[in-house]
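Participant: Residue numbers (the UniProt record's numbering): 1 to 197. For glycine and all other residues, C-beta sits at the position ideal for the given N, C-alpha and C. Quantities reported herein were computed from a predicted structural model and do not represent experimental measurements. One structure coming up, written as structure tokens, with questions to follow.
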Amino acid sequence: MQIKRALISVSNKDGVVEFARQLHEAGVEIVSTGGTMKAIKEAGIPVTYVSDVTGFPEIMDGRVKTLNPYIHGGILAVRDNEEHVKQMQEHKITGIDLVAVNLYPFKETIAKPNVTLAEAIENIDIGGPAMVRAAAKNFKFVTIVTNPARYAEIAKQVKENGCVDDRTRMELSQEAFAHTAAYDAMIKEYLLEQLKK
Numbered sequence: 001m002q003i004k005r006a007l008i009s010v011s012n013k014d015g016v017v018e019f020a021r022q023l024h025e026a027g028v029e030i031v032s033t034g035g036t037m038k039a040i041k042e043a044g045i046p047v048t049y050v051s052d053v054t055g056f057p058e059i060m061d062g063r064v065k066t067l068n069p070y071i072h073g074g075i076l077a078v079r080d081n082e083e084h085v086k087q088m089q090e091h092k093i094t095g096i097d098l099v100a101v102n103l104y105p106f107k108e109t110i111a112k113p114n115v116t117l118a119e120a121i122e123n124i125d126i127g128g129p130a131m132v133r134a135a136a137k138n139f140k141f142v143t144i145v146t147n148p149a150r151y152a153e154i155a156k157q158v159k160e161n162g163c164v165d166d167r168t169r170m171e172l173s174q175e176a177f178a179h180t181a182a183y184d185a186m187i188k189e190y191l192l193e194q195l196k197k
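What follows is the structure in structure tokens.
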């Protein structure tokens, strides 16, 4: 699968600007959200705001921004399914070939002294895991990157081949499911601790 369009939305911004630059140099269109978009834009890299893709603003303090058919249709479409491709065309959905997402810093938030339950709850990511799981499910066609340590390797493959090889996509999918599973387990443990108080 040729990578033509990437969605980048990360809490941990380590290496993300350079990753976006490498992808842009390889001819990849970058779509992004909030703080990630700001960092990419400030580095002089062309970036499309997610609201310009969805036609809908980020709302509810950022709780709702990527939960939209223009995003999830672009990620989940089975590219060799004629009906999926037809529906993409009918609804003007453009494919998203690479998703780089890591999640709200829940672990760091609950480690702070005197953190309130409300603060912890606000740092439970919803749209991030939804995009991660969607891309990981559709790894046959979409590359999911949740670990910044993978950026250089992925950018190299995209620059050299225009795509990421099948085995790497499956490895990344496995890593992504491990990432969301660990995240959910941490939230479950935190809420269990709150119930014991």
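Do residue 102 and residue 128 come within 9 Å of each other at the CB atom, strictly closer than that value?
Facilitator: A contact, by the Cβ cut-off of 9 Å.
Participant: According to DSSP, simplified to helix, strand and coil, what is residue 198?
Facilitator: A query on residue 198 cannot be resolved here, the shown segment of the chain reaching from 1 to 197 and no further.
Participant: Are the beta-carbon atoms of residue 98 and residue 3 separated by less than 9 Å?
Facilitator: Cβ distance < 9 Å, so residue 98 and residue 3 count as in contact.
Participant: Taking 7 Å as the limit between beta carbons, can you name the residues of its chain near residue 107, skipping five residues before and five after?
Facilitator: Taken in chain order, the residues that qualify are 186.
Participant: Cα separation between residue 192 and residue 142?
Facilitator: Between residue 192 and residue 142, the C-alpha separation is close to 35 Å.
Participant: Could you tell me the alpha carbon to alpha carbon distance between residue 9 and residue 72, rounded to whole angstroms?
Facilitator: The straight-line gap from Cα to Cα measures roughly 14 Å.
Participant: Name the residue from 158, 85, 114, 74 whose alpha carbon lies nearest to the alpha carbon of residue 19.
Facilitator: Selected option, being the one with the closest Cα: 158.
Participant: How about residue 176: is its C-beta nearer than 9 Å to some C-beta of chain D?
Facilitator: No chain D is present in this structure, which holds just one protein chain.
Participant: Which residues in the same chain as residue 135 place their Cβ atom closer than 6 Å to its Cβ, once the five residues preceding and following it in sequence are excluded?
Facilitator: Closer than 6 Å at the Cβ level, and outside the excluded window around residue 135, lie 75, 99, 142, 144.
Participant: Just mark residue 169 as buried or exposed, buried being the case when its beta carbon has 16 or more other beta carbons within 10 Å.
Facilitator: Residue 169 is buried by the Cβ-count criterion.
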